[in-house]
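Under our numbering, think of the first position of the sequence shown as 302, with each following residue one higher.
Don't be surprised by glycine CBs; every beta carbon is placed ideally from N, CA and C.
Structure, as structure tokens:
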Amino acid sequence: MKGYTPPVSSEPAVDSAMREALALSLNGRGGAFPNPMVGAVVLGNGDGGSLVVGRGWHGCCGGPHAEAVALDEAGELARGATLVVTLEPCGHTGRTDPCVERIISSGISRVVAAMADPDPRMDGRGFEALRAGGVEVEVGLMAEEAARLNRVYLHYKRTGRSFLHLKLAATLDGRIAARDGSSRWITSGPARARAGSMRAEAGAVLVGAGTVLTDDPSLLPPEPQSPAYCRLVAAGRRPLPAGAKVFDRRARTVVAHPGESRPYWVPEGVDTLPLPEGPPGLDLHALLEGCASLGVGEVLCEGGAALATSLVSEGLVDRLSFFTAPALLGGEGLPVFGPLGIGSISEALEIEDARIEILGCDVLVEGGIVHRPG
């Protein structure tokens, strides 16, 4: 986050351990959802309490939790040690045993956590249980950084939907394609490389039927890709050709469509997601809820103007990445957005926490869209 400096404790070893735990948590990207990404570090008593004796992270849903992995590595050295963890340890039984019980039984004397878990089953109860078990608890170290890294999980707990990241690329005059529909390539190599890394970080890439028909993209991220990665097509009622690149077997593809019946044109081996209809063709709220049910935490939308306009209009864009290239297409080109119902400059949708980066000859602006009530 631009301009943000994580708060530090009076113990450099604990600060260093929290930074390491935050970095370890990223190993769960793409696999931990719908669970949070969590990293943990055990600081033993040797060398003034700065000796790391255990490390762990939560790699996949159903797998061992970060605290358990770190404690396993620490073994008997955990007794009297400090556990530094990026999120409140769980106190309920799910696919794994409660971490709170394991921490208490291990002999850990202190837990330093970045933030509480908003899961209604937790929300501070894990900390209470630790204190009741005789463990000293400190909460809040680098909390803002931890929340940023776990924004997908926090968003899901708040809304029940996947996190929607909208990526757009346009000319200086706001055009995403020429009059004939051609759009490759608006941006330069460095910008396209950054877009590829966005695909790699997302659980799914989303486009509309128009993009498939016009561009026939493969929608594959750079290698190696996560086994859970999928390509999502918001198809509406327009048939798509069986030979489209999104239907190859190089990654999972899911076709979202209106109604319960599987469209006749969807090839065998391609999954479908039946949804209710909405004003743009599909109920987009239901689409993102459906994505979450498929195990997709973050969706990167690379769709055209119609899909982007609908997502913005319905307040479903959680992050915007807008690439601008030094080129002009004029009024004949296709605009980035259709009507958004904005009649005055005072009604303009602002970008909060905006970050600007130069990539080759292109400019990338990233941030969140501020949607005013009403």
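Local Cβ density within 10 Å of residue i, reported as buried at 16 or more and exposed below that
i: ASP549; result: exposed
i: LEU641; result: exposed
i: CYS391; result: buried
i: TRP358; result: buried
i: ARG403; result: buried
i: ARG480; result: exposed
i: THR306; result: Its pLDDT being 40, under 50, THR306 is placed unreliably by the model, and the measurement read from it follows with that caveat. With fewer than 16 Cβ atoms within 10 Å of its Cβ, THR306 is classed as exposed.
i: SER326; result: buried
i: GLU603; result: buried
i: GLY537; result: buried
i: SER498; result: exposed
i: TYR454; result: buried
i: ALA510; result: buried
i: GLY632; result: exposed
i: ALA655; result: exposed
i: GLY639; result: exposed
i: PRO421; result: exposed
i: ASP619; result: buried
i: MET423; result: buried
i: GLY425; result: exposed
Residues near residue i in its chain [Cβ-Cβ closer than 7 Å; skip 5 each side]
i: ALA478; result: SER484, GLY634, LEU635
i: LEU585; result: GLY579, SER611, LEU612, GLU615, LEU617
i: ASP434; result: It is Gly, not Asp, that sits at residue 434 in the sequence shown. Excluding positions up to five away in sequence, the list reads ILE405.
i: PRO522; result: GLY497, ARG500, ALA501, TYR530
i: GLY482; result: THR515
i: VAL513; result: VAL534, LEU541, ALA545, VAL547
i: ARG563; result: THR573
i: TRP566; result: PRO540, LEU541, ALA543
Residues near residue i by beta carbon distance below 8 Å, same chain, minus five either side
i: GLY596; result: PHE334, PRO335, CYS362, GLY504, ALA529
i: ALA375; result: VAL343, GLY345, VAL354, GLY355, ALA382, SER407
i: VAL637; result: LEU469, ALA471, GLY475, ARG476, ILE477, ALA606, ALA609
i: LEU473; result: THR625, ALA626, PRO627, ALA628, LEU629
i: CYS400; result: HIS366, GLU368, ALA369, PRO390, CYS391, GLY392, GLY427
i: GLY570; result: ARG550
i: ILE643; result: ALA649, LEU650
i: PRO491; result: LEU660, GLY661, ASP663
i: PRO559; result: GLY537, ARG538, PRO575, LEU576, PRO577, GLU578, GLY582, LEU583
i: PRO419; result: LEU455, LYS458, ARG459
i: GLY360; result: ASN328, GLY329, GLY332, ALA333
i: GLY668; result: ARG620, LEU621, ILE652, GLU653, ASP654, ALA655, ARG656
Contact belief for residue i with residue j at Cβ below 8 Å, rounded distance in angstroms
i: GLY591; j: LEU576; result: 6 Å
i: ARG462; j: LEU589; result: 4 Å
i: ALA557; j: LEU533; result: 6 Å
i: THR387; j: VAL339; result: 5 Å
i: VAL385; j: ALA417; result: With a Cβ gap of about 15 Å, VAL385 and ALA417 do not count as contacting.
i: GLU599; j: PHE464; result: 5 Å
i: LEU601; j: LEU507; result: 7 Å
i: ARG495; j: TRP486; result: About 13 Å separates the two Cβ atoms, so there is no contact after all.
i: LEU442; j: MET319; result: 5 Å
i: ASN451; j: PRO337; result: 5 Å
Min CB distance residue i to chain B below 7 Å
i: LEU521; result: Here there is only one protein chain, and chain B is not present.
Neighbourhood of residue i by C-beta, 6 Å cutoff - its chain only, sequence neighbours within 5 removed
i: SER317; result: none
i: LEU650; result: ILE670
i: SER527; result: GLY331
i: CYS531; result: ALA505, ARG553, VAL555
i: GLU321; result: VAL342
i: ALA587; result: LEU576, PRO577
i: ILE657; result: VAL666
i: VAL438; result: VAL412, PHE428, LEU431, ARG432
i: ASP572; result: VAL555
i: GLU561; result: PRO575
i: PHE623; result: LEU469, VAL666
Can you check the region 437-461 for any alpha helix (DSSP H) of at least 4 residues that lies completely inside it and give the ranges in chain order?
Fully enclosed alpha helix (DSSP H) runs of 4 or longer: 444-450, 452-460.
Output the residue ranges of the beta strand (DSSP E) runs that lie fully inside the region 590-631 and measure 3 residues or longer, sorted by chain position.
599-602, 620-626
Mind the definition here: the region 400-416 touches the region 363-381 only if three or more C-beta pairs lie below 8 Å; say whether that holds.
Put simply, the region 400-416 touches the region 363-381. At least three CB pairs are less than 8 Å apart.
Every unbroken beta strand (DSSP E) within the region 317-397, with a cutoff of 3 residues, ordered by chain
340-345, 352-358, 383-386
Mind pulling the beta strand (DSSP E) runs of 3 or more residues that sit fully within the region 539-590?
553-559, 572-576
On the three-pair Cβ rule with 8 Å, is the region 512-519 touching the region 529-545?
Segments in contact, yes.
Write down every uninterrupted run of the beta strand (DSSP E) in the region 649-675 whose length is 3 residues or greater and which is fully enclosed by it, in chain order.
652-660, 663-670
Only counting runs of 4 or more residues, tell me where the alpha helix (DSSP H) segments fall wholly within the region 504-541, in order along the chain.
Correct list: 510-516.
If you scan the region 407-435 from start to end, which runs of the beta strand (DSSP E) of 3 or more residues do you find wholly inside it?
411-414
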